[in-house]
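J.: Heads up, the sequence shown is in my numbering, so the first residue is 777 and it goes up one at a time.
There's a structure below that I have some questions on.
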Amino acid sequence: MRKDQPIGIFDSGVGGLTVAKAISDLLPHEQLLYVGDTQHMPYGDKSAEHVQGYTKQIVEFFLQQNVKLIIIACNTASALAASYVRSLFWKDVEIIGVIRPVVKTILERHYKKVGVIGTKATIESNIYQRILDETPHTLELIQLATPLLAPMIENGNIDDEIAHAILHQYLSGPLFASCEALVLACTHYPIIKDKIASVFAHPIQLVDNATPMAETVVQYLTEKDLLAETRRAANEFYVTAYTENFERIARLFYRKDIVVNELKLQEII
Ligand code: DGL
């Protein structure tokens, strides 16, 4: 691997841009290749087999592009497909998922009770509890699937009555009332972080994947002596089906004109 190779980062749609932005902020010299699999979004209600198939094709694309590291900026794909693609490609490239860095963060903060919201697939996989239980702890996790949130954000409903009604339906009950923190276990959710915070009557810290993941990338590239020294080329953005919302959110995050290319994946039966 060489320092000037790009980093591949992907999600089912716009969500992983929250992670890409955090990486760009900490490591402005790194060139990012971003793939949003908008054709298959939402991943959260797909089978493990399908998510593994999409993830494998995206990893293969990144390998053709000669990346030095792959970030799975999607909780659902990290939960259902990270071990699978690592078992296939461990000789070729390091693949890092978004879940372990967040679990490390909540353990370091010594919380007593933490809520976790994510897609149906992420919550049903129980991946946060399973990774947490690898370390001795006394932390209680309260988990809730919030399957409408990612499609709502992907459709651009981020500041309207639909968003307001859905957020209140999921979050205003007693379930998270005594939680000190809430993990946004879907990379789409930080896009509506302020709206989520406004639903709670008590102070609650929102923990997302972006900063813990970006810090993990810095640590990994530093340890491997792979940090880029100068920027080689502009970041590149690919979607598997064009959506206006993707372009809008990507422009919002990067504050400049970005070019969105199309990447065709094979259909998985
Ligand atoms: N952003 C993705 C995640 O972190 C998933 C949204 C979806 O495709 O269902 O889980």
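A virtual CB, placed ideally from N, CA and C, is assigned to each residue, including glycine.
Treat the numbers as computed from the prediction; the structure is a model and nothing was measured.
So within the stretch 822 to 898, which uninterrupted alpha helix (DSSP H) runs reach at least 4 residues, ignoring any that extend past its ends?
T.: Complete alpha helix (DSSP H) runs here, min 4: 824 to 840, 851 to 865, 875 to 884.
J.: Applying the 10 Å Cβ sphere with the 16-neighbour rule, what's the burial state of Tyr1018?
T.: Counting Cβ neighbours within 10 Å, Tyr1018 comes out exposed, since fewer than 16 surround it.
J.: Provide the residue span of the beta strand (DSSP E) that contains Asn902, from first to last.
T.: First-last for Asn902: undefined, no H or E at that position.
J.: Can you determine whether any heavy atom of ligand 1 sits closer than 8 Å to the C-beta of Val874, and answer yes or no?
T.: Within the cutoff, so yes.
J.: Between which two residues does the beta strand (DSSP E) holding Gln807 run?
T.: Segment: none, Gln807 is in no beta strand (DSSP E) and carries neither H nor E.
J.: Does the Cβ of Gly949 have 16 or more other Cβ atoms within 10 Å, making it buried, or fewer, making it exposed?
T.: The residue is exposed, with fewer than 16 neighbouring Cβ atoms inside 10 Å.
J.: What does DSSP give as the partner residues of Gln995 in its beta bridges?
T.: Beta-bridge pairing links Gln995 to no other residue.
J.: Identify the residues that DSSP records as bridge partners of Ala957: which are they?
T.: In DSSP, Ala957 forms a bridge with Val890, Gln981.
J.: Span of the beta strand (DSSP E) holding Leu920?
T.: Counting along the chain, the beta strand (DSSP E) containing Leu920 begins and ends at 916 to 921.
J.: Examine chain C for any beta-carbon lying closer than 9 Å to the beta-carbon of Lys969, and answer yes or no.
T.: Looking for chain C here will not work: only one protein chain is present.
J.: Among Leu958, Phe976, Ile967, Pro966, whose alpha-carbon lies nearest the alpha-carbon of Gln945?
T.: With distances taken between Cα atoms, Gln945 lies closest to Phe976.
J.: Return the residue from the list Tyr1030, Leu1028, Glu1023, Phe1029 that minimises the CA-CA distance to Asn1037.
T.: The option with the nearest alpha carbon to Asn1037 is Glu1023.
J.: Spell out the partners DSSP gives Asn1037 in its beta bridges.
T.: In the DSSP output, where bridge partners are listed per residue, Asn1037 has Tyr1014.
J.: Taking the beta strand (DSSP E) that Ile783 falls in, what are its first and last residues?
T.: It spans 783 to 787 - the beta strand (DSSP E) in which Ile783 sits, taken as one unbroken run.
J.: Taking its Cβ as the centre, do 16 or more other Cβ atoms sit within 10 Å of Ala858, making it buried, or is it exposed?
T.: So Ala858 ends up on the buried side.
J.: State yes or no: is the C-beta of Ile847 within less than 9 Å of the C-beta of Ile875?
T.: Not closer than 9 Å, so no.
J.: Report the rounded CA-to-CA distance for Lys1032 versus Asn1011, giving the unit in angstroms.
T.: Approximately 11 Å, taken between the alpha carbons.
J.: May I ask which residues mark the beginning and end of the alpha helix (DSSP H) holding Ala939?
T.: Ala939 -> alpha helix (DSSP H) spans 937 to 947.
J.: Please say whether Gly792 and Ile785 have beta carbons closer to each other than 9 Å?
T.: Yes; because the gap between Cβ atoms is below 9 Å, this pair is in contact.
J.: Mind the definition here: the stretch 892 to 901 touches the stretch 955 to 962 only if three or more C-beta pairs lie below 8 Å; say whether that holds.
T.: Taking 8 Å as the limit for Cβ pairs, the verdict is that the stretch 955 to 962 does touch the stretch 892 to 901.
J.: Flag Thr992 as yes when its Cβ comes closer than 8 Å to any non-hydrogen atom of ligand 3, and as no otherwise.
T.: No copy of ligand 3 appears in this structure; the ligands present are ligand 1.
J.: Within 10 angstroms of the Cβ of Asn851, are there 16 or more other Cβ atoms? Answer buried if so, exposed if not.
T.: By the 10 Å Cβ count, Asn851 comes out buried.
J.: So, helix, strand or coil for Gly792, using DSSP?
T.: It is coil, neither helix nor strand.
J.: Measuring only from the beta carbon, is Met817 closer than 8 Å to any heavy atom that is part of ligand 1?
T.: Under cutoff, so the answer is yes.
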